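K.L.:
Under UniProt numbering, think of the first position of the sequence shown as 1, with each following residue one higher.
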Amino acid sequence: MSQLVSPGATVASLQRLGALDPVDNRILLCHALGLSRTGLITQSERALTADEAARLSALLQRRLDGEPIAYIVGKREFYGLDFETTPAVLIPRPETELLVELALERLPPQGRVLDMGTGSGAIAVALAHTRPDALVTALDVSPDALAVAQRNAAANGVTVRFLHSDWFSAAAGATFDLIVSNPPYIASGDRHLAEGDLRFEPAGALTDHADGLAALRRIVSGAPGHLTPGGWLLMEHGYDQSVAVQALLTTQGYGEVQSWHDLAGIARVTGGRVISA
Numbered sequence: 001m002s003q004l005v006s007p008g009a010t011v012a013s014l015q016r017l018g019a020l021d022p023v024d025n026r027i028l029l030c031h032a033l034g035l036s037r038t039g040l041i042t043q044s045e046r047a048l049t050a051d052e053a054a055r056l057s058a059l060l061q062r063r064l065d066g067e068p069i070a071y072i073v074g075k076r077e078f079y080g081l082d083f084e085t086t087p088a089v090l091i092p093r094p095e096t097e098l099l100v101e102l103a104l105e106r107l108p109p110q111g112r113v114l115d116m117g118t119g120s121g122a123i124a125v126a127l128a129h130t131r132p133d134a135l136v137t138a139l140d141v142s143p144d145a146l147a148v149a150q151r152n153a154a155a156n157g158v159t160v161r162f163l164h165s166d167w168f169s170a171a172a173g174a175t176f177d178l179i180v181s182n183p184p185y186i187a188s189g190d191r192h193l194a195e196g197d198l199r200f201e202p203a204g205a206l207t208d209h210a211d212g213l214a215a216l217r218r219i220v221s222g223a224p225g226h227l228t229p230g231g232w233l234l235m236e237h238g239y240d241q242s243v244a245v246q247a248l249l250t251t252q253g254y255g256e257v258q259s260w261h262d263l264a265g266i267a268r269v270t271g272g273r274v275i276s277a
């Protein structure tokens, strides 16, 4: 089987390959050759060795087969920070930065925040990095995900308390000023699970294997027992779930229930606060 890139091909010629999206192509080229974006320009006439051609060909084939860029290169940028990204965790997405922004606006000085279902640790680490005064706790049911999150916290120089927990089970007796979560919210059987990057991501981080609201229900019902009076619960959810999530919060007695839209205009985060007694 012939490989996609031949030895002797130049960096300049490889940037004109039409098989992939140009951005994906540049990322893989930089990763395979150890180049920066500037290096693509300054070393444009560099010719690839046989080993380099083989390495780049293998990476390009993985992307052509549908594997996400973040898993191929092993990292993804989120909130200005680099995060190790493996198939054990959901790939951090730009729309989740809205959840971080909303949390930062509501986190008091020396505030205690809990990130539920932390995955790569993106939300917890971003919060701890931006607000080093905060006491950040993050939990996940997956030991493999927690290992990735712990490495990301260390790599970004922040302190986060990590708990192995099935939702609130390991947080018994603990209270927080703010709880945030990007839980599994895709309904079982949704066609999107068989499309694009989602085919490669951990199913348990994507779907609740039910109606898409099962995890959200558990968080909404359990959070009041772990929030200080006036504390906020903020949750990311699917593009068509804001009305249902607002109803869950209202039924449970939360106040100031509302949804916020991401840059695409989609109601992406819904939340409410515990009303003081």
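The beta carbon of each residue, even a glycine, is placed where N, CA and C say it ideally should be.
Being a predicted model, the structure only gives us computed values, none of them experimental.
Between which two residues does the beta strand (DSSP E) containing Val11 stretch?
P.N.:
Translated into positions along the sequence shown, residue 11 becomes position 11. Here Val11 belongs to no beta strand (DSSP E); instead the alpha helix (DSSP H) covers 11-14.
K.L.:
Leaving aside the five residues before and after Val160 along the sequence, list all residues of the same chain whose C-beta is less than 6 Å from its C-beta, in chain order.
P.N.:
Within the sequence shown, numbered from 1, the residue matching residue 160 stands at position 160. Excluding sequence neighbours, Val160 sits near Ala124, Ala128, Val136, Ala138, Ala153.
K.L.:
Taking C-beta to C-beta, are Leu213 and Gln252 nearer than 8 Å?
P.N.:
Within the sequence shown, numbered from 1, the residue matching residue 213 stands at position 213. Within the sequence shown, numbered from 1, the residue matching residue 252 stands at position 252. In this structure, Gln252 does not lie closer than 8 Å to Leu213 by Cβ.
K.L.:
From residue 346 to Leu33, what does the alpha carbon distance come to, in whole angstroms?
P.N.:
Because the chain spans 1 through 277 in this model, residue 346 falls outside it and cannot be assessed.
K.L.:
Does DSSP classify Phe200 as helix, strand or coil?
P.N.:
The count along the sequence shown starts at 1 and reaches residue 200 at position 200. Phe200: coil per DSSP, three-state reduction.
K.L.:
Buried or exposed, going by whether 16 or more other CB atoms sit within 10 Å of the CB of Pro22?
P.N.:
For the purposes of this step, residue 22 is taken as the residue at position 22 of the sequence shown. Flag for Pro22 reads exposed.
K.L.:
For Ala54 and Ile27, what's the separation of their Cα atoms in angstroms?
P.N.:
Indexing the sequence shown from 1 puts residue 54 at position 54. Indexing the sequence shown from 1 puts residue 27 at position 27. About 16 Å.
K.L.:
Under the rule that 16 or more other beta-carbon atoms within 10 Å means buried, what is Ile91, buried or exposed?
P.N.:
In the sequence shown, residue 91 corresponds to position 91, counting from 1. Buried, because 16 or more other Cβ atoms sit within 10 Å of the Cβ of Ile91.
K.L.:
Round the Cβ separation of Gly119 and Val89 to the nearest angstrom and send it over; I've been treating them as touching at under 8 Å.
P.N.:
Counting from 1 along the sequence shown, the entry for residue 119 is found at position 119. Counting from 1 along the sequence shown, the entry for residue 89 is found at position 89. That belief holds up - the Cβ atoms of Gly119 and Val89 are roughly 4 Å apart, short of 8 Å.
K.L.:
Which ranges would you report for the alpha helix (DSSP H) in the segment 10-83 if only whole runs of at least 4 residues count?
P.N.:
Here the runs fully enclosed are 11-14, 22-33, 37-42, 50-64, 69-73.
K.L.:
State buried or exposed for His192, treating a residue as buried only when at least 16 other CB atoms are found within 10 Å of its CB.
P.N.:
Locating residue 192 in the sequence shown gives position 192, where the first residue counts as 1. It counts as exposed.
K.L.:
What is the residue span of the alpha helix (DSSP H) that Gly222 lies within?
P.N.:
Within the sequence shown, residue 222 is the residue found at index 222, counting from 1. That run of the alpha helix (DSSP H) goes 214-222.
K.L.:
Hey, could you find the ends of the beta strand (DSSP E) Asp177 is sitting in?
P.N.:
As a working note, residue 177 is residue 177 in the sequence shown. Run containing Asp177: 176-181, per the beta strand (DSSP E) assignment.
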